[in-house]
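First comes the structure, then the notes that go with it.
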């Protein structure tokens with residue numbers, strides 16, 4: 093079986109490695125162009141490209157795939173039996189979808205049809221879901237609308253972050269892709285229509301990373317912090333300075349009289365102790381900060397932060 097693999101981040105690189113370890117014939121890898129990153133704006137390879145280089149697999153990095161006749165002709169010349177697509181980052185046109193004999197197979201990090209779109213892992217955490225998984229499917233011209241093949245469910249741990257769930261689902265995705273290809277080869281792969289009861293998972297917006305103390309509960313803020321870790325972090329302001337929260341927990345009772353807490357503004361610091369950390373009032377529940385990052389500083393445990401920086405009780409986060 094001749095395979096063209098299309099993908100970009102480390103999530104996709106895990107699936108590519110799984111195919112290589114299963115001795116599949118990877119004719120070519122297609123990944124996004126190299127981009128400058130970091131303070132030095134150094135040009136970096138994508139994780140998928142790094143794997144391809146290490147295995148001497150031909151690499152293509154088109155800026156676009158739609159209406160790109162040169163690239164489409166390259167894929168036609170390779171004439172793959174199947175194209176495997178994992179977090180590639182571009183929508184494939186019908187001209188490419190129609191090339192391989194067995195079609196284009198996508199590994200998607202949700203239990204479709206829930207969370208179609210670019211950020212399914214993040215939205216599962218942001219919404220406080222207890223369960224998610226990975227689905228393989230036949231691709232069509234829609235956004236994650238093709239017939240499903242296989243899926244595997246997992247439970248989301250109470251304090252699990254997007255980064256931690258990302259790594260777990262990447263491994264499951266690689267295993268599921270290998271099993272999917274085996275079933276396609278054997279003619280036993282199912283085709284399961286998705287139906288129309290779906291949820292979208294759009295790209296994340298930086299504006300959503302600001303904590304809304306006035307309207308959000310402790311649980312909702314905790315999910316925001318988990319969902320944006322490690323992508324961008326959830327932030328708040330104190331005395332005009334940006335502070336990011338990376339890990340928090342919900343606390344229901346810290347020994348305060350509830351009537352006294354009710355009169356305080358949401359976002360008020362109830363406790364600030366270098367040994368025990370800081371506790372903050374929310375619309376419902378109390379938030380304890382475990383890991384924090386001051387403006388122009390590194391992330392660190394809250395105890396270390398409070399040894400060098402002052403946050404006073406009854407200060408209010410903006």
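Numbering (our numbering), first residue to last: 93 to 410. C-beta atoms are modelled at their ideal positions from N, C-alpha and C, and glycine is treated no differently.
Return the first residue and the last residue of the beta strand (DSSP E) that residue 177 is part of.
-> Where residue 177 is concerned, the enclosing beta strand (DSSP E) starts and stops at 174-178.
Between which two residues does the beta strand (DSSP E) carrying residue 393 extend?
-> Note, residue 393: beta strand (DSSP E), 391-393.
Whole angstroms is fine: what's the gap from residue 174's alpha carbon to residue 108's?
-> Cα to Cα, residue 174 sits roughly 14 Å from residue 108.
Where residue 382 sits in the DSSP three-state scheme = Strand at residue 382.
May I ask you to verify whether the stretch 230-237 touches the stretch 312-321, counting CB pairs closer than 8 Å and requiring at least 3?
-> Per the Cβ contact rule, the stretch 230-237 is not in contact with the stretch 312-321 (fewer than 3 Cβ pairs under 8 Å).
Touching by the beta-carbon criterion (3+ pairs, under 8 Å), the stretch 285-294 and the stretch 199-210 = Judged by Cβ distances under 8 Å, the stretch 285-294 makes contact with the stretch 199-210, as three or more pairs qualify.
Taking C-alpha atoms, which residue in 394, 356 and 302 lies nearest to residue 341?
-> With respect to the C-alpha of residue 341, the residue from 394, 356 and 302 having the closest C-alpha is 394.
When the distance is taken between beta carbons, is residue 147 closer than 8 Å to residue 112?
-> For the pair residue 112 and residue 147, the CB atoms are nearer than the 8 Å cut-off.
Helix, strand or coil at residue 212 [DSSP, three-state] = Of the three classes helix, strand and coil, the one that applies to residue 212 here is helix, per DSSP.
Quick one: is residue 196 buried, meaning 16 or more other Cβ sit within 10 Å of its Cβ, or exposed?
-> Residue 196 should be labelled buried.
Looking only at C-alpha atoms, which of 158, 154 and 403 sits nearest to residue 333?
-> Residue 403 is the option with its Cα nearest to residue 333.
In three-state DSSP terms, what is residue 338?
-> Strand, per DSSP.
State the beta-bridge partners of residue 247 as determined by DSSP.
-> Beta-bridge pairing links residue 247 to 223.
Cα-Cα, which of 243, 249 and 263 is closest to residue 282?
-> It is 243.
Tell me which same chain residues have a C-beta within less than 8 Å of the C-beta of residue 335, skipping the five on either side of it?
-> Same-chain partners within the cutoff: 327, 328, 329, 384, 385, 386, 387 and 409.
If we call anything under 8 Å between Cβ atoms a contact, is residue 218 one with residue 319?
-> By the CB criterion at 8 Å, residue 218 and residue 319 fall inside the cutoff.
If you draw a straight line from the alpha carbon of residue 172 to that of residue 284, how long is it in whole angstroms?
-> Here the alpha carbons of residue 284 and residue 172 stand approximately 24 Å from one another.
With C-beta atoms as the reference, is residue 264 less than 8 Å away from residue 221?
-> No, Cβ-Cβ distance for residue 264 and residue 221 is not below 8 Å.
Which residues mark the beginning and the end of the beta strand (DSSP E) in which residue 424 is found?
-> There is no way to answer for residue 424, as the model of the chain reaches only from 93 to 410.
DSSP puts residue 127 in a beta bridge; with which residues?
-> 136, per the DSSP bridge assignment.
Relative to the alpha-carbon of residue 373, which residue among 306, 144 and 106 has its alpha-carbon at the smallest distance?
-> Of the listed residues, the one whose Cα sits closest to residue 373 is 306.
Just grab the DSSP bridge partners of residue 230 for me.
-> The bridge partners DSSP lists for residue 230 are 197.
Cross-strand partners of residue 371 (DSSP beta bridge) | For residue 371, the beta-bridge partners assigned by DSSP are 363 and 380.
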